[in-house]
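Novice: Its first residue numbered 2, the first sequence is counted upward by one per residue in this note's numbering.
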Amino acid sequence: MNIRLKDGSCKEYSEDKAIIDIAYDISEGLARMATAGEVDGKVVDLRTILSHDCELNILTANDEKGLAALRHTTSHVMAEAVKRLYPEAKVAIGPSIDTGFYYDFEHEPFSREDLDSIEKEMKKIIKEGAKIERFELSRQEAIQLMQDKNEPYKVELIQDLPEDEVLSFYEQGGFVDLCAGPHLMSVKSIKAFKLISSSGAYWRGNENNKMLTRIYGTAFGKKDELNEYLVHLEEIKKRDHNKLGREMELFATVDVIGQGLPLLMPKGAMMIQTLQRWIEDEEERRGYMRTKTPLMAKKDLYVISDHWEHYKEGMFVLGDEEKDEEVFALRPMTCPFQYYVYKQKQKSYRDLPCRYGETSTLFRNEDSGEMHGLTRVRQFTISEGHLVVTPEQIEEEFKGCVDLAKYCLSTLGVEADVTYQLSLSDPENMGKYLGNRETWNEVEQMMREILGHIGINYKEETGEAAFYGPKLDIQAKNVYGKEDTMITIQLDMFLAERFDMTYVDKNGEKKRPYIIHRTSIGCYERTLAWLIEKYAGLFPTWLCPEQVRVLPISEKYHDYAQSVLKQLKEEGIKCTVDERGEKIGYKIRESRLDKVPYMLVVGAKEEEENVVSVRSRYLGDEGAKTLATFIADINQEIKTKEIRKIEVE
RNA sequence: GCUGUUAUGGCUCAGUCGGUAGAGCGUCACCUUGGUAAGGUGGAGGUCACGGGUUCGAUUCCCGUUAACAGCUCCA
């Protein structure tokens, strides 16, 4: 057989050969580094015997998939260590993940000290250097083995596997685990690992099941890489919006106000106000009509929209259904309110599309463990909008929404940081949705076509649709790599009927419109959180709550500094004066100006000419300028929302 | 909601095996340096998250509540 290797070269063998032996044949170094093989694009175990012509790629910890194998093996070593130290622990599952690996156990929670001793035991196991053996068992034998070892979770897993599945096991030094692999040849190859944390996790991810104890860890091919990663973990904490946003006094939380109810401090509020004014103006330019609708309504409204049936638990209900004649609820969305704006007058096809926009404050009663900084809150304000359209207008209006969203993203400088997700219904679980399968298929296909015409790359996600229609979700990751929906554009073919919304067509017949639910810049709190992390607090000038700081270099220049401040303020520039600058020299103060884009040093020799010395975050020392020139420059920058390139550490 | 951790001056944290608290940084005042990433001296600032209990006495021990953090689950 002929084996074609990654570098294009070929190896020829007369008999069947295991991948690991081929690796040794190439070089002993490669064999030592090898963690898995990739045969014709499929990741397989190094023990796999090759018997046909194929393309072979030997994976090492330098390959993403090879690293996953290393981490997976590390998780097995961890499980062995746990079983040695705590024989009563029951093992569940232990895969590799993006950042490392985890393993779930039925056991009391582990403390940091426990993790340290498990780490120690793991090092011992690695030093012992057991070989890892793979073997296969029949279903019956497999169940028997795991019953003998008193591992009920493994038995359950085997019972749920398909009848014809090959049941493979891996054994190292007496520790046996049901596992599809692939795994390293020996535990000796694990060079750099660290146990990160421990927490609870439901068996099989179901909250009705028992909560197991999960240990997270990570592993790398080299010690340096591990250390680099651990340093990186510390570094990203510095730009975590939940920490930085509080430090910069953008927001705060208060015990007695409650969870998920952050206070936007003057600086944070100023930033959100800047965004809001900008986006409201832009929407109006694009033909949106602004509405202002109530923050609450009688329950009757939500009964019509079906929220009372589907989402009552998520709403703040005012009053007691049993006792009170009228029960109200704070609004969790704006949809039905804007529908009644539409319904106030009979509409003609000539009135469509009807684009309604509202800067809308919403209330959602999230579970207590879900709140996080500004990204998951109980009250938030969103650039909400609904477009009522005829079937012929769907594509153009949908494109308009995508265009608006992209305009927002590019202006904020984050267009390259998002991914697009088409959130579809789950055909297996149609009870969650309004309408029937045929209509859903039709609308989902329509979405795919529109997205095709726009030409954006997206991935499809089943079961993520809204109950009234599919969504185009624009996703972004936070500093920890966790994904959140920043912007969503949804196509709704059902609610118009529930609310009996109509328009009269050319022939004088009443027709059902379609509705597009959309947001332009998303929810302001979450968007702010995103921007904090994106820019590590070094915002573009137009967004900065403090754009210029004026620094007199000695007391004689205080009056002049104040007059400069006044002129800047008259121009609408957000600025402050720091009269303490002269005390120790402005160079020093500069280190504390790192979040302010411009520093004006006044009191230089040139003050008689209205000349200031400018330092900028972007350009360093810009030297002397007349005040008028500086004001013109910065106003231009703010107006065009220019985002200059800066170094963000 | 679940599992766990945490809660001490503006920030980072120490501490009291129960006798009402400390450090570094920051901040403030003054001195020196007439303005290029300075130094010195002195000061302010905490009912140790909140509510109960045990005790002669609780910041410290116990119970509860609230909030923050990590993860799970959820997210119209």
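Glycine included, each C-beta is placed from N, C-alpha and C at the ideal position.
Look at the Cβ atom of Ile273, then the Cβ atom of Leu539, and state whether they are nearer than 8 Å.
Specialist: no
Novice: Measuring only the C-alpha atoms, how far is Cys576 from Lys567?
Specialist: 9 Å
Novice: Name the residue from Val444, Asp506, Asp41 and Ile383 whose alpha carbon lies nearest to the alpha carbon of Pro354.
Specialist: Asp506
Novice: Quick check for students: name the residue ranges of the beta strand (DSSP E) that lie wholly in the region 159-234, counting only runs of 3 or more.
Specialist: 168-173, 176-179, 193-203 and 212-221
Novice: Kindly provide the ranges of any alpha helix (DSSP H) runs that are 4 or more residues long and lie completely inside the region 503-582, ordered along the chain.
Specialist: 525-536 and 559-571
Novice: Glu398 and Ser361 - do their beta-carbons sit closer together than 8 Å?
Specialist: Contact: no.
Novice: Use the C-beta contact count for Glu439: other C-beta atoms within 10 angstroms, 16 or more gives buried, fewer gives exposed.
Specialist: exposed
Novice: Using CA coordinates, which residue listed in Thr61, Ser28 and Lys18 is at the minimum distance from Thr39?
Specialist: The sequence shown places Glu at residue 39, rather than the Thr named in the question. It is Thr61.
Novice: Of the residues Met249, Gly201, Val188 and Glu248, which one's Cα is nearest the Cα of Gly222?
Specialist: Val188
Novice: Start and end of the alpha helix (DSSP H) containing Ile639?
Specialist: Note, Ile639: alpha helix (DSSP H), Leu628 to Thr641.
Novice: Return the bridge partner residues of Thr486 from the DSSP annotation.
Specialist: Gln476
Novice: Would the beta-carbon of Arg332 fall within 8 Å of that of Met290?
Specialist: no
Novice: So what does DSSP say about Ser15, is it helix, strand or coil?
Specialist: coil
Novice: From which residue to which residue does the alpha helix (DSSP H) around Thr75 run?
Specialist: Here the alpha helix (DSSP H) through Thr75 covers Glu65 to Leu86.
Novice: Give me the DSSP bridge partner(s) of Asp105.
Specialist: Arg215
Novice: For Ile159 and Val167, what's the separation of their Cα atoms in angstroms?
Specialist: 10 Å
Novice: Are the CB atoms of Ala35 and Ala21 within a distance shorter than 8 Å?
Specialist: With the sequence shown as reference, residue 21 is identified as Ile, and Ala is not the correct amino acid for it. Result yes, Cβ atoms of Ile21 and Ala35 sit closer than 8 Å.
Novice: Would the beta-carbon of Met655 fall within 8 Å of that of Ile126?
Specialist: Nothing in the structure corresponds to residue 655, since the chain is present only between 2 and 650.
Novice: Smallest Cα separation from Glu367: which of Gly414, Glu314 and Ser411?
Specialist: Glu314
Novice: Here's the rule I'm using: 16 or more other beta-carbon atoms within 10 Å means buried, otherwise exposed. How should Ile119 be labelled?
Specialist: buried
Novice: Look at the alpha carbon of Glu29 and the alpha carbon of Arg85, and state the distance between them as a whole number of angstroms.
Specialist: 33 Å
Novice: May I ask which residues mark the beginning and end of the beta strand (DSSP E) holding Leu425?
Specialist: Unbroken beta strand (DSSP E) run through Leu425: Val419 to Leu425.
Novice: Compare the beta carbon distance of Tyr504 and Lys348 with 8 Å and say whether it is the shorter of the two.
Specialist: In contact: Tyr504 and Lys348 (Cβ atoms closer than 8 Å).
Novice: If I measure Cβ to Cβ from Tyr587 and keep anything under 7 Å in the same chain, skipping five residues before and after, which residues do I get?
Specialist: Its pLDDT being 48, under 50, Tyr587 is placed unreliably in this model, and the value from its coordinates should be taken loosely. Hits under 7 Å: Leu552, Ile554 and Val602.
Novice: Kindly indicate which residue of Glu114, Glu109 and Lys66 has the alpha-carbon position closest to the one of Gly101.
Specialist: Lys66
Novice: Which same chain residues, not among the five before or five after Ser15, have their C-beta less than 7 Å away from its C-beta?
Specialist: none
Novice: Excluding the 5 residues flanking Gln637 on each side, which residues of the same chain have their C-beta closer than 7 Å to its C-beta?
Specialist: none
Novice: Over the uninterrupted alpha helix (DSSP H) stretch that includes Leu31, give me the two end residues.
Specialist: Glu29 to Met34
Novice: In three-state terms, what does DSSP make of Val612?
Specialist: strand
Novice: Helix, strand or coil for Glu1, going by three-state DSSP, please let me know.
Specialist: Nothing in the structure corresponds to residue 1, since the chain is present only between 2 and 650.
Novice: Determine whether the beta carbon atoms of Glu445 and Pro471 lie at a separation below 8 Å.
Specialist: With respect to Pro471, Glu445 sits close: the two C-beta atoms are nearer than 8 Å.
Novice: For the alpha helix (DSSP H) that contains Met651, what are its first and last residues?
Specialist: Since the displayed the chain opens at 2 and closes at 650, residue 651 lies outside it and no answer follows.
Novice: Expressed to the nearest angstrom, what Euclidean distance is found between the alpha-carbon atoms of Lys155 and Asp225?
Specialist: Within the model, the alpha-carbon separation for Lys155 versus Asp225 is close to 36 Å.
Novice: State the Cα-Cα distance for the pair Gly42 and Asn243, rounded to the nearest angstrom.
Specialist: Going from the Cα of Gly42 to the Cα of Asn243 covers about 41 Å.
Novice: Assuming Thr382 and Tyr525 are in contact, meaning their beta carbons sit under 8 Å apart, how far apart are those beta carbons, in whole angstroms?
Specialist: 5 Å
Novice: So, is Cys11 buried or exposed, given that buried needs 16 or more other C-beta atoms within 10 angstroms?
Specialist: exposed
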